[in-house]
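Protein chains: 2
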Amino acid sequence: MLAQEMIDAMSKRGLRVTDQRRTLARLFAEAPGYLSAKDVYEEMGKTYGGLSFDTVYRNLRVLQEMDVLEQFVFEDGVKFKAHCREHGHHHHAICLHCEKTYAVPFCPLDIQVELPQGFNVVKHKFELFGYCEACGPQAEAGGAER
Amino acid sequence: MLAQEMIDAMSKRGLRVTDQRRTLARLFAEAPGYLSAKDVYEEMGKTYGGLSFDTVYRNLRVLQEMDVLEQFVFEDGVKFKAHCREHGHHHHAICLHCEKTYAVPFCPLDIQVELPQGFNVVKHKFELFGYCEACGPQAEAGGAER
DNA sequence: GTCTCTGCAAATCATTTGCAGGCTG
DNA sequence: CAGCCTGCAAATGATTTGCAGAGAC
Chain A
1 MLAQEMIDAM SKRGLRVTDQ RRTLARLFAE APGYLSAKDV YEEMGKTYGG
51 LSFDTVYRNL RVLQEMDVLE QFVFEDGVKF KAHCREHGHH HHAICLHCEK
101 TYAVPFCPLD IQVELPQGFN VVKHKFELFG YCEACGPQAE AGGAER
Chain B
1001 MLAQEMIDAM SKRGLRVTDQ RRTLARLFAE APGYLSAKDV YEEMGKTYGG
1051 LSFDTVYRNL RVLQEMDVLE QFVFEDGVKF KAHCREHGHH HHAICLHCEK
1101 TYAVPFCPLD IQVELPQGFN VVKHKFELFG YCEACGPQAE AGGAER
């Protein structure tokens, strides 16, 4: 999602477009992968002095609530990325090195999965973790999810 | 897993078998689903006075490190349950009402999933959330994973 | 008796909230 | 100008750690 689209989305819902939010939008528009609150704080701090942590949290939450950002609970904490533009139901392959996500159009539930007797599925998760083509070569050893 | 098995596992690795750990083992052996650190603290407090939170955390961590307990990161926090005895690779269907887990023998990766170009899968998650047969009827409305 | 385990209290760490002044529309 | 947004500081909640005494083997 482009920074401008995010800003428009905020503006459309009556939110103020501040310097911070502009910077935040740009940051996520350019980020290759997920960012934690701390990542955002540190990144924004570079181009934007006198920033406070709570404002970062507040904005992340606001943007997530209006579906501009996607939140993902990793084992080592919560991270965010711009909402993916992919349409239709899909899942993700997440690179453990660059944390970039790739769409996986396949959904396990589209085929007949043998469920427990009488189990009524409401929601599901299907995620692949590994190394993408670009990171594969140099990511031999290191880079765990945590 | 039976309480006695858990206790034996601890004993075998040179850990002391204390009242607390016995109680903890019994608790997990009987628990139908996942328990958070707080759940454990509250449950154990009932049958075991003068208990401290940090000891609960310590024991949960120790038991998890020796694969007696399984840790699961829910969106509303970390929870534990006795390691499932199911053999072979499998996934889980988790009831949002009772939090009991059911084995799902199917694995999406066993069939040809179309992966992103050059993506090398290291790890994957596949989980179903919903209501089990027992909870289905009365769980109409409420009980989200949060 | 030795070494691990426990409770207590204090330290972290991530996240949230109250408040008064600053900036956007 | 009114109301939302921000920084500051303090509150909160979850988890960890240091320490000295209690209990397991």
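Top line first, the protein sequences correspond to chains A and B. Sequential numbering of the first sequence, starting at 1, is according to the working numbering. Sequential numbering of the second sequence, starting at 1001, is according to the working numbering. Using N, Cα and C, we set each Cβ at its ideal position, and we do this for glycine too. Remember, it's a predicted structure, so these values are computed and weren't measured experimentally.
Where does Tyr41(A) fall in DSSP's three states? Note: Tyr41(A) maps to helix in three-state DSSP.
For a quick check, are the C-beta atoms of His1090(B) and Pro1108(B) less than 9 Å apart? no
Can at least three beta-carbon pairs, one atom from the region 14-22 of chain A and one from the region 53-72 of chain A, be found at a separation below 8 Å? yes
Does the beta carbon of Leu115(A) sit closer than 9 Å to a beta carbon anywhere in chain B? yes
Give the secondary structure of Ala134(A) by DSSP, where H, G and I count as helix, E and B as strand, and everything else as coil. DSSP places Ala134(A) in the coil class of the three-state scheme, outside both helix and strand.
Taking the beta strand (DSSP E) that Phe1080(B) falls in, what are its first and last residues? 1077-1082
For Ser1011(B), name the three-state secondary structure that DSSP assigns. Here DSSP, grouped into helix, strand and coil, assigns Ser1011(B) to helix.
How should Leu1002(B) be labelled, buried or exposed, when 16 other C-beta atoms within 10 angstroms of its C-beta is the threshold for buried? exposed
In whole angstroms, what separates the C-alpha of Gly49(A) from that of Ser11(A)? 24 Å
Does the region 127-136 of chain A come close enough to the region 1110-1118 of chain B to have 3 or more Cβ pairs within less than 8 Å? yes
Kindly say whether Leu1069(B), judged by its beta-carbon, lies nearer than 9 Å to any beta-carbon of chain A. no
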